[in-house]
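Enquirer: So the sequence shown is numbered by UniProt numbering: it starts at 1 and just counts up by one. For glycine and all other residues, C-beta sits at the position ideal for the given N, C-alpha and C.
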Amino acid sequence: MPVPLSFTSRLDRLARLSKVCITTENFGLFDAILAHNLIDPIDHLATLQSAAANDPLATLEQVSLSQVKDVETAFSDGLTELANTVDKTIDQNIIHAALMTFTTSMKDQSNNASDKAYRAAKQIISVLPEPARDSAVKLFTAACGVVAMLNSQQMNLIGDLARGPWGDSTPQTISNAHAANGAAAESASDWIRSLYAG
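1) According to DSSP, is P56 part of a helix, a strand, or is it coil?
2) Which of the three DSSP states, helix, strand or coil, is assigned to G159?
3) For Q67, which residues of its own chain have a beta-carbon under 6 Å away from its beta-carbon, when the five flanking residues on both sides are left out?
4) Starting from the N-terminal side, write out each stretch of the alpha helix (DSSP H) that is 4 residues or longer and does not extend beyond the region 46-132.
5) Please determine, among F75, I95, A74, the residue with the shortest C-alpha to C-alpha distance to N84.
6) Helix, strand or coil, according to DSSP, for P171 in the structure here?
7) Drop a sphere of 10 angstroms on the beta-carbon of R133, count the other beta-carbons inside from all chains shown, and report buried for 16 or more, exposed for fewer.
8) Taking 8 Å as the cut-off, does the region 75-89 touch the region 18-32 (at least 3 CB pairs, one atom from each stretch)?
9) Evaluate the contact criterion for the region 155-166 versus the region 175-184: three or more CB pairs, one atom per stretch, below 8 Å.
10) Does G182 come out as helix, strand or coil in the three-state DSSP assignment?
11) Are the CB atoms of A185 and E72 within a distance shorter than 8 Å?
12) Taking the C-alpha atoms as reference points, what is the distance between L11 and S175?
Here's what the structure looks like:
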């Protein structure tokens with residue numbers, strides 16, 4: 001007889017997968033998980049609402065929205081630092097080193113935001129009645145899939161910056177990356193709100 005994974009094991013696996021995706025800059029598995037959750041015929045929102053005496057949805061939603069904000073802010077701050085470096089020098093080696101520092105910092109901060117969100121979700125889900133836990137995990141997993149899409153977009157923007165060229169158009173390229181990051185974060189937040197609102 002199959003033994004189902006506990007909700008904590010599922011969240012732990014998801015957290016480790018998130019780290020692998022961020023580190024390797026390959027978010028394909030998260031895309032597949034998100035797609036799988038979206039075609040699930042069970043209404044996890046309604047299941048969670050009917051099984052839980054308190055309303056954990058607003059709290060889970062806030063955890064996911066905070067994760068988006070943390071990742072968006074980290075990227076924006078990194079872009080600002082990169083722009084400051086570009087303003088001060090035309091030395092390609094210095095600019096390349098600043099870009100590598102930005103990439104490493106972005107991955108670290110994304111992992112930290114992910115860890116923070118998973119810890120919070122575990123605490124929220126642990127107090128739910130058993131019948132509600134699976135639905136809560138699935139909703140949170142779907143939200144994490146959207147955060148992974150934001151991370152993927154950010155890594156693509158960093159890749160665009162790395163390909164250059166560095167010169168007169170660089171400030172505009174960085175400005176475009178700021179705008180794209182803000183738009184992607186706003187879309188991710190809107191989708192998360194719709195996920196938890198039904």
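Expert: Working from what's here:
1) coil
2) Secondary structure of G159 (DSSP, three-state): helix.
3) A113, A117, V147
4) 57-88, 92-126
5) I95
6) helix
7) buried
8) Using a C-beta cut-off of 8 Å, the region 18-32 makes no contact with the region 75-89, since fewer than three inter-stretch Cβ pairs fall below that distance.
9) With a cut-off of 8 Å, the region 175-184 and the region 155-166 count as touching, because enough Cβ pairs lie within range.
10) helix
11) yes
12) 36 Å
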